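Just below is one structure, and these are the notes that go with it.
Chains as they are written, first to last, in the working numbering: chain A, 1 to 112; chain B, 1001 to 1116.
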């Protein structure tokens, strides 16, 4: 039972353009959402998060959008850079709990 | 270093053997998690410690898997009678606190286990 779904295994984008990574969730109890970035042979590192009381959170080139009614969130990276090439994991949790549930990840390739 | 440290980084073992994977969390982090990541998948929750106690071990796949954190800092994940399906990267993460905290998890680089 996948509670967090990332349906695109990979995405290829030209340098300077926008990257949009999508994520859907099924558990309506989730109220805090995170994006992690992972390079090969490294552990995931936190990128950006959003609480369910917001619909947008921005940090530099990274913006996360949340659509609660659709149970959908997306990560926008603009402009994309070759160093952004990595696997991006969407994750969700219930702030009353402790278990963070991860999606399967989307591998982003940013071409120079 | 100041990050989460996991040893060994790579472990190759034979089917049926016993394996221990160690995690040294960030100093002062009371919450510690073990996740397992199989090829092409995201991290899958195994067990969570708050201090010395396992607050939730519902993700452990079966009774061959066990984890301890006797002094509330270093944790060891133990796998008995390993099977080929146990092959994966085992990730450890820590955070300042949990249960209502929205803080992110800090991950180690993982221990890659290969069972031949």
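For glycine and all other residues, C-beta sits at the position ideal for the given N, C-alpha and C.
Keep in mind that this is a model prediction, so the values were computed, not measured.
Please tell me whether residue i and residue j are closer than 8 Å, where the distance is taken between their beta carbons.
i               : j               : result
residue 103(A)  : residue 5(A)    : yes
residue 98(A)   : residue 1031(B) : yes
residue 1109(B) : residue 42(A)   : yes
residue 1043(B) : residue 44(A)   : yes
residue 1028(B) : residue 1106(B) : no
residue 21(A)   : residue 75(A)   : yes
Would you mind reading off the limits of the beta strand (DSSP E) that contains residue i?
i               : result
residue 57(A)   : 56-59
residue 1053(B) : 1053-1056
residue 98(A)   : Element bounds for residue 98(A): n/a, residue is neither H nor E.
residue 1078(B) : 1075-1079
residue 18(A)   : Note, residue 18(A): premise wrong, no beta strand (DSSP E); not H, not E.
residue 1029(B) : Note, residue 1029(B): premise wrong, no beta strand (DSSP E); not H, not E.
residue 1015(B) : Per DSSP, residue 1015(B) belongs to no beta strand (DSSP E) and is neither H nor E.
residue 37(A)   : 32-38
residue 1046(B) : 1044-1050
residue 47(A)   : 45-51
residue 112(A)  : First-last for residue 112(A): undefined, no H or E at that position.
residue 1082(B) : Residue 1082(B) -> no beta strand (DSSP E), and no H or E assigned at all.
What would DSSP say about residue i, mapped onto helix, strand or coil?
i               : result
residue 1024(B) : strand
residue 1008(B) : coil
residue 1120(B) : Any answer about residue 1120(B) is impossible in this case: the structure gives chain B only from 1001 up to 1116.
residue 1036(B) : strand
residue 24(A)   : strand
residue 107(A)  : strand
residue 1112(B) : strand
residue 1100(B) : Note that residue 1100(B) has pLDDT 47, beneath the 50 cutoff, so the model's placement of it is unreliable and no number is given.
residue 1069(B) : coil
In terms of alpha-carbon separation, which member of the options lies closest to residue i?
i               : options                    : result
residue 100(A)  : 27(A), 14(A), 18(A), 75(A) : 27(A)
residue 17(A)   : 32(A), 61(A), 36(A)        : 61(A)
residue 78(A)   : 9(A), 13(A), 7(A)          : 13(A)
residue 1090(B) : 1081(B), 1076(B), 1096(B)  : 1076(B)
| So does the stretch 1011-1021 of chain B actually touch the stretch 72-85 of chain A, counting three or more Cβ pairs closer than 8 Å? | no
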